[in-house]
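Structure record follows, encoded as structure tokens.
There are 2 protein chains.
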Amino acid sequence: MLDTINLGQKLSKAEFSRLITPLELKLGELQRAVRERQIPVIVVFEGWGAAGKGTMINRLILTLDPRGYMVHTVGDPNEEERLRPFLWRFWQRLPQRGRMAIFDRSWYRRVLIERVDQQVRKSEWKNGYNEIKSFERELTDDGAVIIKLFLHISKKEQKKRFEHLERDHATAWRVTRADWRQNRHYADYLEVIEEMFARTDTDVAPWTVVECHDRRFATVKVLQRVIDALEARLAVSPPPSEKATPARGRRKVPAQRIGTSILDQTDLSLSLTRKQYEGALKTCQHRIGELQHLAYLHRIPVVVVYSGWDAAGKGGNIRRLVQGMDPRGYQVIPIAAPNDIEKAYHYLWRFWTKMPKAGHVAIFDRSWYGRVMVERVEHFCREEEWRRAYQEINELEEQLVNFGAVLVKFWVHIDKQEQLRRFKARQADPHKSWKITAEDWRNRKKWNVYKEAVDEMLQRTSTTYAPWTIVESNCKLYARIKALKQVISAIEHRLPKDA
Amino acid sequence: MLDTINLGQKLSKAEFSRLITPLELKLGELQRAVRERQIPVIVVFEGWGAAGKGTMINRLILTLDPRGYMVHTVGDPNEEERLRPFLWRFWQRLPQRGRMAIFDRSWYRRVLIERVDQQVRKSEWKNGYNEIKSFERELTDDGAVIIKLFLHISKKEQKKRFEHLERDHATAWRVTRADWRQNRHYADYLEVIEEMFARTDTDVAPWTVVECHDRRFATVKVLQRVIDALEARLAVSPPPSEKATPARGRRKVPAQRIGTSILDQTDLSLSLTRKQYEGALKTCQHRIGELQHLAYLHRIPVVVVYSGWDAAGKGGNIRRLVQGMDPRGYQVIPIAAPNDIEKAYHYLWRFWTKMPKAGHVAIFDRSWYGRVMVERVEHFCREEEWRRAYQEINELEEQLVNFGAVLVKFWVHIDKQEQLRRFKARQADPHKSWKITAEDWRNRKKWNVYKEAVDEMLQRTSTTYAPWTIVESNCKLYARIKALKQVISAIEHRLPKDA
Chain A
0 MLDTINLGQK LSKAEFSRLI TPLELKLGEL QRAVRERQIP VIVVFEGWGA AGKGTMINRL
60 ILTLDPRGYM VHTVGDPNEE ERLRPFLWRF WQRLPQRGRM AIFDRSWYRR VLIERVDQQV
120 RKSEWKNGYN EIKSFERELT DDGAVIIKLF LHISKKEQKK RFEHLERDHA TAWRVTRADW
180 RQNRHYADYL EVIEEMFART DTDVAPWTVV ECHDRRFATV KVLQRVIDAL EARLAVSPPP
240 SEKATPARGR RKVPAQRIGT SILDQTDLSL SLTRKQYEGA LKTCQHRIGE LQHLAYLHRI
300 PVVVVYSGWD AAGKGGNIRR LVQGMDPRGY QVIPIAAPND IEKAYHYLWR FWTKMPKAGH
360 VAIFDRSWYG RVMVERVEHF CREEEWRRAY QEINELEEQL VNFGAVLVKF WVHIDKQEQL
420 RRFKARQADP HKSWKITAED WRNRKKWNVY KEAVDEMLQR TSTTYAPWTI VESNCKLYAR
480 IKALKQVISA IEHRLPKDA
Chain B
0 MLDTINLGQK LSKAEFSRLI TPLELKLGEL QRAVRERQIP VIVVFEGWGA AGKGTMINRL
60 ILTLDPRGYM VHTVGDPNEE ERLRPFLWRF WQRLPQRGRM AIFDRSWYRR VLIERVDQQV
120 RKSEWKNGYN EIKSFERELT DDGAVIIKLF LHISKKEQKK RFEHLERDHA TAWRVTRADW
180 RQNRHYADYL EVIEEMFART DTDVAPWTVV ECHDRRFATV KVLQRVIDAL EARLAVSPPP
240 SEKATPARGR RKVPAQRIGT SILDQTDLSL SLTRKQYEGA LKTCQHRIGE LQHLAYLHRI
300 PVVVVYSGWD AAGKGGNIRR LVQGMDPRGY QVIPIAAPND IEKAYHYLWR FWTKMPKAGH
360 VAIFDRSWYG RVMVERVEHF CREEEWRRAY QEINELEEQL VNFGAVLVKF WVHIDKQEQL
420 RRFKARQADP HKSWKITAED WRNRKKWNVY KEAVDEMLQR TSTTYAPWTI VESNCKLYAR
480 IKALKQVISA IEHRLPKDA
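Those sequence lines, one after another, are chains A and B.
Mind the numbering: the first sequence is residues 0 to 498 in numbering that gives the first Met the number 0, read in order.
Mind the numbering: the second sequence is residues 0 to 498 in numbering that gives the first Met the number 0, read in order.
This is the structure:
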């Protein structure tokens, strides 16, 4: 890609003056249109050292309303960030709908700097390509525009610029040893960059090479590229009405009959006596405490996901799981309907940003599976959105497991009769009646529609790296011990043999 | 305080069983009441090593609905946090209204561990007392409950517990050298703790010492203390109607005539010719670029606050200020009305969490002064709230300056005729007409009410450490150069003499 580029392109001062003002006005207009249409915009600046990233970014943002953008400078990950999956820090920095995030270096560090400087293992940067592609596809599927700019200069030009900077006391500090190393090994870097283009120049997020020998030419090209991308996106946006609120009376989702129901095959008669339970509980809680500590020592993140019917006993189950744990190392994360801020992002955003750091335990009480259950059934999202979610969820979980996480997913299961019995018992108990609302009764009426969604979910998201565990919960005691044992064995399995 | 404590108190198993269930039920009830009333709750656990903080916290949270609380373990500040004022990381972790934050160690690290281990200078931990007191007062003024628990054991008991932990392979790792150091120097620590009590045991946020030799006794006392505090707070809460939306037809704010108007004394005829301007601009922008770099090297945070009339030219002024800067080191932070999440916190929360790290520049386009201008004039907050804000703002700014920040505050000033001229010019220009809304015209009608608020603000928040600069802006060219020069001289003044 780079060797076919003509780096000699230039603009005269006069041409530049003629071109620049209309571009700036246009950009301002487009920024307002993008805000109106609630489109998130991501601009990535990558490129050679001294190619002029800082200047280009300043040039771009000075045309923009500061209420609408944010510049993120991406350096080496800090302590905190190193304890998370590598994309975590970028999820944190994504723009809300209608806003623009400008990245000075980006997730491409993974396959450029971190690769070349051998900060990560080969398997890690190789994996990086896939994770980046999923990441960008998920964002654009969700309506985002991604503009990726590579600022290009030749080896000779780079050398000239480094020397020029070094001659002036005020700018000499900018040229580092890493910069000179890049210049000496320009050809090797070139190969790495070409590979990056080959692997990540996609339809949804293509690369643009910007010839930077002439600053005026580069400036115009950058603004022009951003303008083109925004105009293209604005042209295809669905009418805001559709985007904002999925219609109520929309076409019925066709019944999904994929093989036999998994739920129908569970044995809900499984049970424990109080005595069996108490003995097992003590042993398991002691063991889980030990394992929490070992996971901490080995920096293994643990993610436990609870899904299940209303009144299936998720809360009580979680309580028994954490009773033996140190509260400083675990967190129960209850998931309700997304708030206004969360709605302004990709639906996975709020989960990514809550992932535990290496060595910690996160227990999700409801989770990203809401997308393919309640959001599907209640039409809170469009059909294409929840259909797409199966793949997105599998990718999310694969990334977690690649990062080294233990991932346990529970479907806490009861039958319809048992639910009714529990609803009634709750209503009769003054300390528990607050737990039961009209919504619970409404959901209960949709038992069969939910069941269908759950069955499809269990099938589509049971993967080798993240299988589901059905927890038979007509007997709560049995359910609690089963869940505890499952978490114990998952952590034990993941620990080094001699731990 | 501690030497009068009887550490021998105990509860039998039977007494404990009798007491504990009603306490747990009560706590669950209160948590729901607190959520209903939108009261933020903060529980701080401090205490001796091995006093049982982990156990007590787990005991407390297991009675709570996980949707309503969050546990924060406070260790040494990380890289990122060390580059911010010391309270910054706690502002980040405050609970929303209706929620509970439980701190395992807290801001008191500053005057305990960080003091004893000499991680900070004497002036820093001494200042810490004042900053902590302001912080807690601001939160309780805003409706929060702060419960501070100190878990107490004797030197002998601590030694016994350390030895017990060390005997078991599985728990030996928990006892560190720092723990043993604490035990050896128990008496010195005791003095430090007593000083902390003396300085921070306030009406609004009193300390409770929990005798922890007997775990059952301690558990009951912790739960009882939390219950008492929540009940006390619920008893005094103003009716939600008053809290939620300040009434529209409330009593008029009495006219504030404090001395002469500062605004009336400005000389708005000050101006520059285009030629003078262009020369000065070039020099200033070059210099500001150099200074940004020097401030970065010396890890000096720079905060510039822009306030001013609509159409006074804040945007254009800011643009000239940053044109010569590296975009990787500055951020323009536009402040609009608070969003839903921001409204769920103390009004200063959104500003604290946006403060720049040491070495970076933050430019606020509007700021915390909204509280005493638009929020005052439009009755978005109650009178006692904006009156209290003068002190809160002065404290905020003092903390910033104590932290080493350069703080520059601009009131960008024009007269009423000039504003009208600009409004009309904007409406006539198709590229600028979007800038002018019905609200601007409405605000303009209230010029005199705003002027009164601005005059009072300028007087009450002009401090030696953070004075206001009036930028006369009938001539925009003059205003831009004045602002640039002011920022330049403020940074130069703050740099070490040999820089």
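A virtual CB, placed ideally from N, CA and C, is assigned to each residue, including glycine.
Check: Any beta strand (DSSP E) of 3 or more consecutive residues that is wholly inside the stretch 28 to 67 of chain A; Outcome: 40 to 46
Check: Partners in chain A for residue 53 of chain B, counting only beta-carbon separations shorter than 8 Å; Outcome: 325, 326 and 327
Check: Amino acids of chain B, ordered along the chain, whose beta-carbon sits closer than 7 Å to that of residue 78 of chain A; Outcome: 77 and 78
Check: Opening and closing residue of the beta strand (DSSP E) in which residue 406 of chain A lies; Outcome: 405 to 412
Check: N- and C-terminal bounds of the alpha helix (DSSP H) containing residue 468 of chain A; Outcome: Taken as a continuous stretch (DSSP letters only), residue 468 of chain A belongs to no alpha helix (DSSP H), being part of the beta strand (DSSP E) at 467 to 471.
Check: Those residues which DSSP pairs with residue 147 of chain A across a bridge; Outcome: A:43 and A:206
Check: Residues of its chain near residue 42 of chain B, where Cβ-Cβ distance is below 6 Å and the 5 sequence neighbours each way are ignored; Outcome: 101 and 146
Check: Residue 306 of chain A: first and last residue of the uninterrupted beta strand (DSSP E) it sits in; Outcome: 301 to 307
Check: Short CB-CB distance (under 9 Å) between residue 289 of chain B and chain A; Outcome: yes
Check: Rounded straight-line distance, which links the Cα of residue 332 of chain B to that of residue 391 of chain B; Outcome: 21 Å
Check: Through-space distance from residue 354 of chain B to residue 284 of chain A, alpha-carbon basis; Outcome: 43 Å
Check: Collapsed DSSP secondary structure at residue 329 of chain A in the structure displayed; Outcome: strand
Check: Touch test, the stretch 65 to 73 of chain A against the stretch 125 to 133 of chain A, Cβ-Cβ under 8 Å, three pairs minimum; Outcome: no
Check: Three-way DSSP call (helix, strand, coil) for residue 501 of chain B in this model; Outcome: This structure cannot settle anything about residue 501 of chain B, because the visible part of chain B is limited to 0 through 498.
Check: Near-chain A residues of the stretch 341 to 374 of chain B - C-beta to any C-beta below 8 Å; Outcome: 364
Check: CB contact check: residue 64 of chain B to chain A, cutoff 9 Å; Outcome: yes
Check: CA-to-CA distance, residue 393 of chain A to residue 16 of chain B, given in whole angstroms; Outcome: 47 Å
Check: Contacting positions in the stretch 294 to 315 of chain B - beta carbon closer than 9 Å to chain A; Outcome: 296 and 314
Check: Backbone secondary structure at residue 363 of chain B - three-state DSSP; Outcome: strand
Check: Any chain B beta carbon closer than 9 Å to residue 31 of chain A; Outcome: yes
Check: Which listed residue (A:436, A:34, A:171 and A:105) has its alpha carbon closest to that of residue 49 of chain A; Outcome: A:171
Check: Bounding residues of the alpha helix (DSSP H) (the contiguous stretch that carries residue 140 of chain B); Outcome: 121 to 140
Check: C-beta neighbour in chain C for residue 148 of chain B, strict 9 Å; Outcome: Structure shown: chain C not included; protein chains present are A and B.
Check: Residue-chain proximity (residue 479 of chain B, chain A), Cβ-Cβ < 9 Å; Outcome: no
Check: Alpha-carbon to alpha-carbon, residue 192 of chain A and residue 124 of chain A; Outcome: 13 Å
Check: Under the three-state DSSP convention, the category residue 195 of chain A falls into; Outcome: helix
Check: contact_flag[the stretch 43 to 63 of chain B, the stretch 79 to 94 of chain B] where n(CB pairs < 8 Å) is 3 or more; Outcome: no
Check: Own chain residues within Cβ distance below 8 Å of residue 348 of chain A, not counting five before or after; Outcome: 90, 93 and 341
Check: Span separating the alpha-carbon of residue 267 of chain A from that of residue 292 of chain A; Outcome: 34 Å
Check: Proximity to residue 470 of chain A [Cα-Cα], best of A:265, A:404 and A:137; Outcome: A:265
Check: Residue 232 of chain A versus residue 144 of chain A - alpha carbon distance; Outcome: 7 Å
Check: Span separating the alpha-carbon of residue 164 of chain B from that of residue 209 of chain B; Outcome: 22 Å
Check: Below-9 Å beta-carbon distance, residue 116 of chain B vs any chain A residue; Outcome: no
Check: Local conformation of residue 85 of chain A per DSSP, three classes; Outcome: coil
Check: Cutoff 9 Å: residue 333 of chain B Cβ touching any chain A Cβ; Outcome: yes
Check: Residue 37 of chain B at chain A interface by Cβ criterion, 9 Å; Outcome: no
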